[in-house]
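Q:
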Amino acid sequence: MVQRPRADKAAVSAGVQKRYPEVWRRHTPRETVTNWLWVAAVALACAWSVSALDIEWAFFKDAHEQAIDLGQRMWPPRWSYLPSIVAPLVETIHIATLGTAIAVVFSIPLAFLAARNTTANGFTWALGRALLVASRSVNTVIWGLLFVAILGPGPLAGIAAVAARSVGFLAKLVAEAIEEADRGPIEAIEATGAGTFQTYVVAILPQVMPVLIGTTVYRWDINVRESSVLGFVGAGGIGIYLYASINQFAWQQVLVALFVILVVVIASEAVSAWIRERIS
Amino acid sequence: MSAGPYPTVWRAPSFFGTRARQQAVVIAALIYLIWSVSTLHIDARRALAGFARAADLFARMIPPDFSRWELLLKGMTESLQMALAATLAGVLLSIPLGIAAARNLAPRPVYLAARALIVTGRTFHEVIIAIFFVKLFGFGPVAGLLTLALSSVIFLAKMLAEDIENVRAGPIEAVRATGAGFWQVVVYSVVPQVLPRSVGTAIYRLDANVRHSTIVGIVGAGGIGQTLSASFSRYDYDFAAAILLAIIALVALGEWFSDRVRTKLR
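Sequences listed follow chains H and F, in order.
Heads up: the first sequence begins at 1 in this note's numbering, then just goes up one per residue.
Heads up: the second sequence begins at 1001 in this note's numbering, then just goes up one per residue.
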């Protein structure tokens, strides 16, 4: 009985101490433990990855020498090669532009199909979503591989590959915009007695137009970059010349090809950024 | 507003501002279309033959052949491992590069050099970088890993630099007011502001690396792309179909995971 007040006092001071620790910490002990467990899990996954890859570390020893050697063989760039890669370079840009244009045409109906509020029923929505996922999950280069098998080598396969990959990209973002479209204009147009198709064209399409154009321009500059390697699988553009030069060990030509790719990609990025800034 | 008769037909306003401007855009697009198609030397007969070939290709793709699932699994695991290890390397190395490329932390010359590196690195497609690593390190997943690591470093550093540049000054001043030194300021005011976004970006990059790990194999840098490319060149289309389905599943799963984690972080 005599002890109790003292015990209470101790409990209170312990409680006070617990509530006001000497050192400020951002996380509770439990949070700290969970955070460290996450870090450990990530570290384990990465350690497993590195160890399972069977890396031949010996290759790293002379890598810098190899790199220097390669650099020396590239220098000086053979500028006389430049005129012969201007045409493939233009072709690369055409592949990107035409592929994007075709993608835009197909992405609009696909977006309406894959948007929850404009699709016909559950089945069409699932179909639209499945097409989106398939289009987006396969890389442009793999689409290129497929279309070269279908259409034969050449820029046409490249255009088809760019279009196939971009359709899903554009349609996904446009479908999101359709789902967020303002109900007001839609109801207003419906009230005039417009049919479903008229409502889509007059009420929804103008609302998603800025998104469509912005995304298209953005995708176009990604596509210019992707088109630069489509030639590796035979789908036209500058990639064919770059790959041929590498296989012939014509490193001075490789440097010229890399340089023009650098210029074109940076220029297309600048153009795209400029247009997008003007739209918004 | 009473001037002129009312039009009897309503026409939606043009997106391009005026009707004349819209017509100019349409005409320019048509001219471009004619010019570009005429320079591409497209063989119409060859293209039309493509439909028959596509039908043939799909007939040979169906049903997809999963009987060599061990080879498939090996390729997929290799891709996933490359993506994971590359993301880790990317995260670690992007920290110094990201700080160097942040205008408000790095000195001017360091900032410019880091930005030049980022701009150059971002330009080249992963497959181009992969060729060089294949030349330097030989065929196999190491070249693929280094390719993905390099592009991850560049991407993550760019995002990190932008996040650091957008850090709010308030918390920095508050922590500094308590008498904290440089590192304490970084740890207690910059890191907490940057970390949540950076974790999100890293997860996003992991997702991107999974996507790219499926293609670097086309130039011999390991992963499922190498298996896919080989099956295409052997006209082994039913196995190729199985690989494509597996890639779609892996990439879709990666995207779903990345989206989920990032919405949770927000």
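Even glycine gets a Cβ: it sits at the ideal position worked out from N, Cα and C.
1. How would you write the range of the alpha helix (DSSP H) that A1166/F sits in, first residue to last?
2. Is the beta carbon of D1065/F sitting closer than 8 Å to the one on A1242/F?
3. Put Q3/H into one of helix, strand or coil per three-state DSSP.
4. Please name the residue in G158/H, L212/H, E179/H, W274/H whose C-alpha comes closest to that of L170/H.
5. In terms of alpha-carbon separation, which member of L151/H, F60/H, V224/H lies closest to V265/H?
6. Which residues of chain F have a Cβ atom closer than 9 Å to the Cβ of S166/H, listed in chain order?
7. Mind checking which residues open and close the alpha helix (DSSP H) that includes R1045/F?
8. By the DSSP assignment, the alpha helix (DSSP H) with G1075/F in it spans what residues?
9. Going along the chain, which unbroken runs of the alpha helix (DSSP H) with 4 or more residues stay wholly within the region 201-234 of chain H?
10. Considering only the alpha carbon of each residue, which of H64/H, E65/H, K61/H, T97/H lies closest to S272/H?
11. Using a C-beta to C-beta distance shorter than 8 Å, which residues of chain H count as neighbours of F1239/F?
12. CB-CB under 8 Å to I1172/F, same chain, minus the five flanking residues each way: which ones, in chain order?
13. Sort P1096/F, S1151/F, R1108/F by Cα distance to V1210/F and report the nearest one.
14. Please state whether the Cβ-Cβ distance between L958/F and C46/H is less than 8 Å.
15. Quick check on the burial criterion: 16 or more other C-beta atoms within 10 angstroms. Buried or exposed for V39/H?
16. Sort E1070/F, F1133/F, G1254/F by Cα distance to A1149/F and report the nearest one.
17. Which residues bound the alpha helix (DSSP H) around H1212/F?
18. Would you say I266/H reaches chain F, if we count a Cβ-Cβ gap shorter than 8 Å as a contact?
19. Are any of the Cβ atoms in chain F nearer than 8 Å to that of N35/H?
20. Which residue marks the beginning of the alpha helix (DSSP H) containing L242/H, and which one marks its end?
21. Got a sec: is the Cβ-Cβ distance from K1135/F to anything in chain H below 8 Å?
22. Run through chain F and tell me which residues come within less than 7 Å of S137/H, C-beta to C-beta.
23. Assign I1224/F to one of two classes, buried (16 or more other C-beta atoms within 10 Å of its C-beta) or exposed (fewer than that).
24. Below 8 Å CB to CB, which residues in the same chain sit around G79/H once its five sequence neighbours on both sides are set aside?
25. Tell me which residue opens and which closes the alpha helix (DSSP H) that S1036/F is part of.
26. Helix, strand or coil for D1065/F per DSSP?
27. I want to check one thing, is the minimum distance from the CB of W143/H to the heavy atoms of the ligand SAH below 7 Å?
28. Is L1265/F close to chain H, meaning its C-beta is less than 8 Å from at least one C-beta of that chain?
29. Which class does A1241/F belong to by DSSP, given the choice of helix, strand or coil?
30. Can you give me the start and stop residues for the alpha helix (DSSP H) that D69/H sits inside?
31. On a CA-only basis, which of G154/H, I159/H, I275/H is nearest I240/H? Give me that one, please.
32. Just checking: is the beta-carbon of P83/H within a distance shorter than 8 Å of some beta-carbon in chain F?
33. Between F197/H and chain F, is the shortest Cβ-Cβ distance under 8 Å, so that the two count as touching?
34. Excluding the 5 residues flanking E226/H on each side, which residues of the same chain have their C-beta closer than 8 Å to its C-beta?
35. Mind listing the chain H neighbours of L1088/F? Cutoff is C-beta to C-beta under 7 Å, in chain order.
36. Excluding sequence positions up to five away, which residues of its chain have a Cβ less than 6 Å from the Cβ of F106/H?
A: On the basis of the data shown:
1. Along the second sequence, one-based indexing puts residue 1166/F at 166. Sequence inspection shows Asn at residue 1166/F; the Ala mentioned does not correspond to that position. Per DSSP, N1166/F belongs to no alpha helix (DSSP H) and is neither H nor E.
2. On the second sequence, position 65 is the one that residue 1065/F refers to. On the second sequence, position 242 is the one that residue 1242/F refers to. Yes. Within cutoff.
3. If you number the first sequence from 1, residue 3/H lands on position 3. With a pLDDT of 48 at Q3/H, under the threshold of 50, the modelled position of this residue cannot be trusted; read the value that follows with caution. Correct three-state label for Q3/H: helix.
4. What you label residue 170/H is simply residue 170 of the first sequence in a count that begins at 1. Nearest of G158/H, L212/H, E179/H, W274/H to L170/H, Cα basis: L212/H.
5. Translated into the one-based positions of the first sequence, residue 265/H becomes position 265. V265/H has its Cα closest to that of V224/H, out of L151/H, F60/H, V224/H.
6. Numbered from 1 along the first sequence, position 166 holds the residue referred to as residue 166/H. Chain F residues near S166/H: none, gap ~15 Å exceeds 9 Å.
7. The residue you call residue 1045/F lines up with position 45 of the second sequence. Here the alpha helix (DSSP H) through R1045/F covers 1044-1061.
8. Working through the second sequence from its first residue, we reach residue 1075/F at position 75. Per DSSP, G1075/F belongs to the alpha helix (DSSP H) from 1069-1100.
9. Runs of the alpha helix (DSSP H) inside the region 201-234 of chain H: 205-230.
10. Start at 1 with the first residue of the first sequence, and residue 272/H comes out as number 272. With distances taken between Cα atoms, S272/H lies closest to T97/H.
11. The residue you call residue 1239/F lines up with position 239 of the second sequence. Going along chain H, no residue has its Cβ under 8 Å from F1239/F, so there is no contact; the nearest lies around 13 Å.
12. Within the second sequence, residue 1172/F is the residue found at index 172, counting from 1. So the list reads V1185, S1189, V1190, once near-sequence residues are dropped.
13. Counting from 1 along the second sequence, the entry for residue 1210/F is found at position 210. Among P1096/F, S1151/F, R1108/F, the Cα nearest to that of V1210/F belongs to S1151/F.
14. One cannot answer for residue 958/F here, as it falls past the ends of chain F, which runs 1001 to 1266.
15. The sequence position of residue 39/H within the first sequence is 39, counting from 1. That one is exposed.
16. Taking the second sequence and counting its residues from 1, one reaches residue 1149/F at position 149. Of the candidates E1070/F, F1133/F, G1254/F, the one whose C-alpha sits nearest the C-alpha of A1149/F is F1133/F.
17. Against the second sequence, residue 1212/F aligns to sequence position 212. Start and end: 1191-1213.
18. For the purposes of this step, residue 266/H is taken as residue 266 along the first sequence, with counting starting at 1. It does: the Cβ of I266/H has a partner Cβ on chain F nearer than 8 Å.
19. As a working note, residue 35/H is residue 35 in the first sequence. Not an interface residue.
20. As a working note, residue 242/H is residue 242 in the first sequence. Run containing L242/H: 238-247, per the alpha helix (DSSP H) assignment.
21. The residue given as residue 1135/F occupies position 135 in the second sequence. Output row for K1135/F: interface = yes.
22. Here residue 137/H refers to the residue found at position 137 when the first sequence is read from its first residue. Within 7 Å Cβ-Cβ: I1247, I1248, V1251, A1252.
23. Here residue 1224/F corresponds to residue number 224 of the second sequence, with the count starting at 1. Buried, since its Cβ has 16 or more Cβ neighbours within 10 Å.
24. Taking the first sequence and counting its residues from 1, one reaches residue 79/H at position 79. Note that residue 79/H is Trp in the sequence shown here, rather than Gly. If we look at W79/H and ignore the five residues flanking it on each side, its Cβ neighbours are V256.
25. As a first step, residue 1036/F must be located in the second sequence, where it is residue number 36. Boundaries of the alpha helix (DSSP H) around S1036/F: 1019-1039.
26. If you number the second sequence from 1, residue 1065/F lands on position 65. Note: D1065/F maps to coil in three-state DSSP.
27. Among the ligands in the structure shown, none appear at all, so the ligand SAH cannot be discussed.
28. What you label residue 1265/F is simply residue 265 of the second sequence in a count that begins at 1. No, because no Cβ of chain H sits closer than 8 Å to the Cβ of L1265/F.
29. Taking the second sequence and counting its residues from 1, one reaches residue 1241/F at position 241. Note: A1241/F maps to helix in three-state DSSP.
30. Position 69 of the first sequence holds residue 69/H. 63-74 is the span of the alpha helix (DSSP H), which, as asked, contains D69/H.
31. Along the first sequence, read from residue 1 onward, the residue named residue 240/H stands at position 240. With distances taken between Cα atoms, I240/H lies closest to G154/H.
32. Translated into the one-based positions of the first sequence, residue 83/H becomes position 83. Chain F, which has no Cβ nearer than 8 Å to the Cβ of P83/H, makes this no.
33. Reading the first sequence from its first residue, position 197 is the one you call residue 197/H. Output row for F197/H: interface = no.
34. Within the first sequence, numbered from 1, the residue matching residue 226/H stands at position 226. Around E226/H: A96, T140, V141, V162, R165.
35. In the second sequence, the residue the question calls residue 1088/F occupies position 88. C46, listed in chain order.
36. Here residue 106/H corresponds to residue number 106 of the first sequence, with the count starting at 1. Only V167 meet the Cβ criterion.
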